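There are 2 protein chains.
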Amino acid sequence: MRVAVIGLGLIGGSLALAVPGTRGFDHDEAARRIARSRGVDVADDVSSAVRGADIVVAAVPPDGVAATFTAAARLAPSAVLTDVASSKRDLEGFAASLPPGAHVVGSHPLAGSTGRGVEAAAADLFRGRAWAIVPTSRSDTDSVRAVGELARSAGARPIVLSQQRHEALMTWLVRAPLAVSSALAWSASIESPEGLTELAGPGFRDATRLATTPAALAEELLFGADRERLAVVLRVIAGTLTDWADEIVRDDLPPVRAELAAARDMRAQLDRASEDSSAK
Amino acid sequence: MRVAVIGLGLIGGSLALAVPGTRGFDHDEAARRIARSRGVDVADDVSSAVRGADIVVAAVPPDGVAATFTAAARLAPSAVLTDVASSKRDLEGFAASLPPGAHVVGSHPLAGSTGRGVEAAAADLFRGRAWAIVPTSRSDTDSVRAVGELARSAGARPIVLSQQRHEALMTWLVRAPLAVSSALAWSASIESPEGLTELAGPGFRDATRLATTPAALAEELLFGADRERLAVVLRVIAGTLTDWADEIVRDDLPPVRAELAAARDMRAQLDRASEDSSAK
C-alpha cells in the first residue's frame, strides 16, 4: 500500500513516521526540511508525492481539505482520498463535488499532543488510539477497508461510524467536556481567590484540565459546526445539575443516588475498555 | 514534639510513617499488627498512646472524632487535639463541649489515594500537598503553630483558613467537581453507547474521572453537611452552561469568549502555583 501524506504537521508527520513507505509533502519548506531530517521520504511537489499512491491523506487544516482532494483526484484518479479532520460535517459535500470514480472515506484519528508541527510528530502517536472511519457516498467496501488498513498500520484501532453518529459522539466526548470543564473553572474563578489555588487538588485539576484548551481550538469546537446539537447536550447536563441541586436540598436522594451509580458504571466501563485494548 | 495518632488507616498510618517519633493506636488489632510490621511505634491501648503527647491526631472516621477528643482531653489535658476530617462543620461543637483548657485545632490534609487502610499508607502521602488548618474557639497561637509544625513535618504546606472559608473552598474544589464530573458521565450514559467507550479519549476520561468516586464517599460529600451551599454552586455552574448554550445558538459569542478566557487564566494560575510549590 503506497501512502501519500499531504501536510506534515503533528498528525501528518506522525503518520509518515508510523507507516513505512509513506511519501510526504508540505507546502512549507521548513516543514519539509525538518521532516526529511527526521527520516521521512519527502517529495518536492504535490504531484511527485501523490502520483502512484493507493491512499492520499489530506493532513491539512479543515479549510484546505477540499483543494487537496481536488488536486489528488486529478493526479491519482484511482487513489482512496481521506482526511484527518475532527468534524466530518462538510466531508460529504467535498466528496460529491469530485469527478465520478473518486473514492473518498473520512478519517478522524483520535490522537493528539500538546506539541505542534512536525517537530512534535511521533511514530507512536496513534498507538492504541481509536481511528474513526466515516464513509461517504463516494466510499465502497474496498476503500473503507484500505483506510482501516492504514489505521492499523499506524497502530490505531479503526472504528467505522456514520457521519451523524460521529458528530454525536464528538459532541458528547469532546465538545461537551470542554464546555463543562471550562464552566467549572469559570464559575470557580468568580469565587474569592483566597486559598483556592493553594487547596486545589488533583480532582479539581483533572475536572478543569480541558479549560486550558487553546482559544483557537476551543472556539472551533464550541462555535464551529452543529451548534444546535451542542446546545441540546449542554442543556441536558445543566438540567441534571439543577435537578440534583433541588433533590439534594429537599432530601429526595434516591434519584441522585441511582444516577451517580449509573455514572460510576459508565465510567468503569471506560476503564475496562481501555484495559482490554491495552492488553491486546 | 511528641505526636499520638489515633486511627491507623490510610491517613493516620501515613502520618505515623511520615513524622518520626509518632506513637499510634488503632482499635482494630489487625491494623495495629500491620502498622507494627511497617515500622510504626504502636501502643496497646489508647492511654499509653496518648499520655505525654504534645499533639493528638484523631485520624478516625468523622463520627468517631468527638469520642476520641473526649478521651484524649482526659488523658493528656495539655495536648493540642486535631482531626483529619474533610468537613469542619461539626468541629466547633465538639471543641466547645470539651473541658476548659483543652486546645482544639482542625486539620484537613488534602491528600489521599485509591488504596485503603494502613496497607496503603505511605510516608510521602502528604509531600507537597496542602494541609488546611481551621482554628476553633479553643485554638490559640501556640496550638495553631503546633499543628502547622506537624503539617510541615509530614511534608505538607499548612494553610490557615476560617471554618466558613474552608467549607466554601471544599464545595468549589471537591463537591462541585464531583457533581459536574458525574453529571457529564451520567448524561453521556443516556446516549446510545455505540462507539462511545471506543472513541472516548483522555479529555473525556479526565473530565469524568471523579465519577468513579466510591458511593459512600460521594454520598458523604454530596448529601452530607451544607447542602444549600452545594446547591447554590451547582446552580451557578448549570446557569453558565445554559447561558453558553443560548449564546452559542444565537451567535452572541463575545461573552462566551470572555468567560472561556477567564477559565483558561484561572486554570493556568493553578498550574503556575503547582510549579512554584514543586520548585520549593
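Which chain is which? The protein sequence lines are W and S, in order.
The numbering used here puts the first residue of the first sequence at 41, with every later residue one more than the last.
The numbering used here puts the first residue of the second sequence at 41, with every later residue one more than the last.
By construction, the Cβ of each residue, glycine as well, lies at the ideal position given by its N, Cα and C atoms.
Keep in mind the model is a prediction, meaning the values are calculated, not measured.
A Cβ of chain W is located within less than 8 Å of the beta carbon of THR280 of chain S. Counting of Cβ neighbours within 10 angstroms places THR181 of chain S among the exposed residues, the total staying below 16. Under the DSSP assignment, HIS206 of chain S falls in the alpha helix (DSSP H) whose first and last residues are 203-210. Nearest to SER153 of chain W by C-alpha distance, out of W:ALA186, W:ARG167 and W:ALA111, is W:ARG167. Residue environment for HIS67 of chain S: exposed (fewer than 16 other C-beta atoms within 10 angstroms of its C-beta). Under the three-state reduction of DSSP output, GLY92 of chain S falls in the coil class, being neither helix nor strand.
Taking the beta carbon of ALA271 of chain S as reference, the chain W residues within 8 Å of it are ALA285, ASP286, ILE288 and VAL289, listed in sequence order. Between the C-alpha atoms of ASP291 of chain S and ALA251 of chain W there is a straight-line separation of about 21 Å.
Inter-residue distance for ALA160 of chain W and ALA70 of chain W is about 14 Å (C-alpha atoms, whole angstroms).
By the neighbour-count criterion, in which 16 or more other beta carbons inside 10 Å mark a residue as buried, VAL174 of chain S falls on the buried side.
In the DSSP assignment, ASP123 of chain W falls within the beta strand (DSSP E) that extends over 120-123.
Collapsing the DSSP output to three states places VAL276 of chain S in a helix. Between ALA278 of chain W and ALA278 of chain S, the beta carbon gap of about 4 Å places them in contact (Cβ cut-off 8 Å). Excluding its 5 nearest sequence neighbours in each direction, THR62 of chain S has C-beta neighbours in its own chain below 6 Å: VAL43, VAL45 and ALA56, listed in chain order.
The Cβ-Cβ distance between ASP123 of chain W and VAL105 of chain W falls below 8 Å. Ranked by Cα distance from TRP171 of chain S, the first of S:ALA303, S:VAL100, S:ALA142 and S:MET210 is S:MET210. In the three-state DSSP reduction, ALA98 of chain S falls in the strand class (E or B).
A check of alpha carbon separations from LEU224 of chain W across W:GLU268, W:SER177, W:SER183 and W:LEU281 identifies W:LEU281 as the nearest. The three-state secondary structure of ALA162 of chain W, taken from DSSP, is coil. Note: TRP284 of chain S is not bridge-paired with any residue in the DSSP secondary-structure output. Under the Cβ distance rule, VAL220 of chain S counts among the residues neighbouring chain W, one pair being separated by less than 8 Å. Here the alpha carbon of ALA208 of chain W sits roughly 15 Å from the alpha carbon of ASP130 of chain W.
Contact of VAL214 of chain S with chain W is assigned, a C-beta pair being separated by under 8 Å.
DSSP, reduced to helix, strand and coil, places ARG76 of chain W within a helical segment of the structure shown. For ARG275 of chain W, the residues of chain S that pass the 8 Å Cβ criterion are LEU281, THR282 and ALA285, in the order they occur in the chain. Between GLU132 of chain W and GLN203 of chain W a beta carbon distance of about 7 Å is seen, short of the 8 Å cut, so the two are scored as contacting.
For the C-beta of MET306 of chain S, the chain W residues within less than 9 Å are, from N- to C-terminus, ALA225, TRP226, ALA228, SER229, PRO233, LEU236, THR237, THR248 and ALA251. By the 16-neighbour rule on beta-carbons within 10 angstroms, LEU213 of chain W is buried. Counting only Cβ-Cβ distances below 7 Å, ILE199 of chain W has contacts in chain S at GLY235, GLU238 and LEU239, in chain order.
When rounded, the separation of the alpha-carbon atoms in LEU165 of chain S and GLY53 of chain S is 10 Å.
In the DSSP assignment, ARG197 of chain S falls within the beta strand (DSSP E) that extends over 197-200. Under the three-state reduction of DSSP output, ALA228 of chain W falls in the helix class. Just so you know, the alpha carbons of PRO102 of chain W and ARG275 of chain W end up roughly 28 Å apart. With contact defined as three or more Cβ pairs closer than 8 Å, the segment 190-199 of chain S and the segment 252-271 of chain W are not in contact. Along the segment 146-168 of chain W, the positions whose C-beta sits under 7 Å from a C-beta of chain S are LEU150, read in chain order.
The shortest CA-to-CA distance from ILE95 of chain S to any of S:SER183, S:PRO60 and S:ILE74 is the one to S:SER183.
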